[in-house]
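Number of protein chains: 2
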Amino acid sequence: MIEEENLEMLSDFYRTMGDLTRLRILDLLRRERMCVYKIAMELNMTQSAISHQLQYLRQMDFVRTEKIGKQVFYELADDHIEKMILLGYEHIKEAHNDPKN
Amino acid sequence: MIEEENLEMLSDFYRTMGDLTRLRILDLLRRERMCVYKIAMELNMTQSAISHQLQYLRQMDFVRTEKIGKQVFYELADDHIEKMILLGYEHIKEAHNDPKN
DNA sequence: TGAATATATGAACAAACGATCATATATAAG
DNA sequence: CTTATATATGATCGTTTGTTCATATATTCA
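In order, the protein sequence lines correspond to chains A and B. Under numbering that gives the first Met the number 0, the first residue of the first sequence is numbered 0, with each subsequent residue one higher. Under numbering that gives the first Met the number 0, the first residue of the second sequence is numbered 0, with each subsequent residue one higher.
(1) Any beta carbon of chain B sitting closer than 8 angstroms to that of Ile91 (chain A)?
(2) Using C-beta distances below 8 angstroms, list every residue in its chain close to Asp77 (chain A), excluding the 5 sequence neighbours before and after it, in chain order.
(3) Under three-state DSSP, which class holds Glu63 (chain A)?
(4) Quick check on the burial criterion: 16 or more other C-beta atoms within 10 angstroms. Buried or exposed for Leu53 (chain B)?
(5) Looking at chain A, which residues of the region 71–88 of chain B have a Cβ within less than 9 angstroms of any of its Cβ atoms?
(6) Contact between the region 9–25 of chain B and the region 15–28 of chain A: three or more CB pairs below 8 angstroms?
(7) Taking its Cβ as the centre, do 16 or more other Cβ atoms sit within 10 Å of Ala48 (chain A), making it buried, or is it exposed?
(8) Can you find the residues in the same chain that come closer than 8 angstroms, C-beta to C-beta, to Met83 (chain A), ignoring five residues on each side of it along the sequence?
(9) Hey, is the region 33–52 of chain A in contact with the region 32–52 of chain B, meaning 3+ C-beta pairs nearer than 8 angstroms?
(10) So Asn5 (chain B) contacts chain A; which residues on that side make the cut at Cβ distance below 7 angstroms?
(11) Spatial neighbours of Asn100 (chain B) within its chain, please: C-beta separation below 6 angstroms, excluding the five flanking residues on both sides.
(12) Nearest-angstrom Cα distance between Asp26 (chain B) and Ile67 (chain A)?
(13) Start and end of the alpha helix (DSSP H) containing Glu74 (chain A)?
(14) Taking only the alpha-carbon atoms, compute the straight-line gap between Lys69 (chain B) and Lys92 (chain A) and give it to the nearest angstrom.
(15) Which residues in the same chain have their Cβ closer than 8 angstroms to the Cβ of Glu41 (chain B), if we skip the five residues on either side of it in sequence?
(16) Between Val71 (chain B) and Leu56 (chain B), what straight-line distance do the alpha-carbon atoms span, to the nearest angstrom?
(17) Quick one: give me the first and last residue of the alpha helix (DSSP H) that Ile49 (chain A) is part of.
(18) Please tell me whether Met16 (chain A) has its Cβ less than 8 angstroms away from any Cβ of chain B.
(19) If we call anything under 8 angstroms between Cβ atoms a contact, is Arg30 (chain B) one with Met0 (chain A)?
(20) Take Glu89 (chain A) as the anchor and find which of B:Val35, B:Tyr36, B:Glu89 and B:Ile80 has the nearest alpha-carbon.
(21) Report yes or no: is there a C-beta of chain A within less than 8 angstroms of the C-beta of Met40 (chain B)?
This is how it looks when you write it as structure tokens:
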């Protein structure tokens with residue numbers, strides 16, 4: 000049994016990855032660090048929508064930033080993030096091949 | 000880069016764990032299989048609220064059921080679920096000790 | 001069969017969420 | 001200094017989500 004406080008942090012953590020736009024952003028950043036407008040271009044979404052989600056991801060410590068001139072580059076905050084994405088990915092692929100257990 | 004279709008499945012998967020009530024239920028079921036009213040008791044929530052979330056978890060293949068008499072016992076659908084919970088748990092514990100990378 | 005118990009489910013409602021729009025801030029370029 | 005570019009942010013709005021309430025279904029027991 001996981002302590003209540005940690006369960007709350009855990010659900011916050013998973014909820015952050017439980018949105019397609021945010022997951023798309025994180026998946027992009029696995030490839031390379033990227034500035035805001037480039038992310039928006041790649042995902043074909045408005046700068047504002049992306050910027051809002053990036054603030055969310057930053058508050059949740061999923062990404063970190065480096066400002067260079069006018070641009071702000073975003074990158075994954077640490078290796079765990081990519082690891083969690085890939086583990087979930089492995090899971091759904093297995094689950095799909097192997098419907099029950 | 001993960002294919003769009005799989006990213007969608009992945010965000011659905013994480014969104015399922017991104018709710019405190021559902022995560023509490025899953026964490027309970029790690030311990031033992033349990034019938035609905037017992038889950039409701041343990042979590043101090045109404046039978047209806049629990050039942051709705053259990054249907055959700057069932058549709059997402061997080062749990063499976065066995066009906067015995069009047070009772071319906073729920074258990075984790077497979078080992079991956081517990082693994083994913085524990086991995087997330089490890090992650091947040093590390094992240095907390097080790098704020099930046 | 002009728003009452004009691006366990007679970008499921010549909011409708012309703014409030015709260016949370018995500019995108020958009022308008023605009024603010026900051027830096028660079030002319 | 002003014003304009004253009006990149007990003008951030010607050011307000012708004014429609015949608016989704018989670019709980020509640022009322023009720024339906026199913027099974028056991030008297």
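A virtual CB, placed ideally from N, CA and C, is assigned to each residue, including glycine.
Looking at the atomic coordinates:
(1) yes
(2) none
(3) Contrary to the premise, residue 63 (chain A) reads as Arg rather than Glu in this sequence. Strand.
(4) buried
(5) Ala76, Asp77, Asp78, His79, Ile80, Lys82, Met83, Ile84, Leu85, Leu86, Gly87 and Tyr88
(6) yes
(7) exposed
(8) Met16
(9) no
(10) Tyr88 and Ile91
(11) Interpretation of Asn100 (chain B) is limited by its pLDDT of 38, a score under 50 that renders its predicted location unreliable; no figure is taken from the coordinates.
(12) 44 angstroms
(13) Taken as a continuous stretch (DSSP letters only), Glu74 (chain A) belongs to no alpha helix (DSSP H), being part of the beta strand (DSSP E) at Gln70 to Leu75.
(14) 35 angstroms
(15) Leu27 and Met33
(16) 14 angstroms
(17) Gln46 to Gln58
(18) yes
(19) yes
(20) B:Ile80
(21) no
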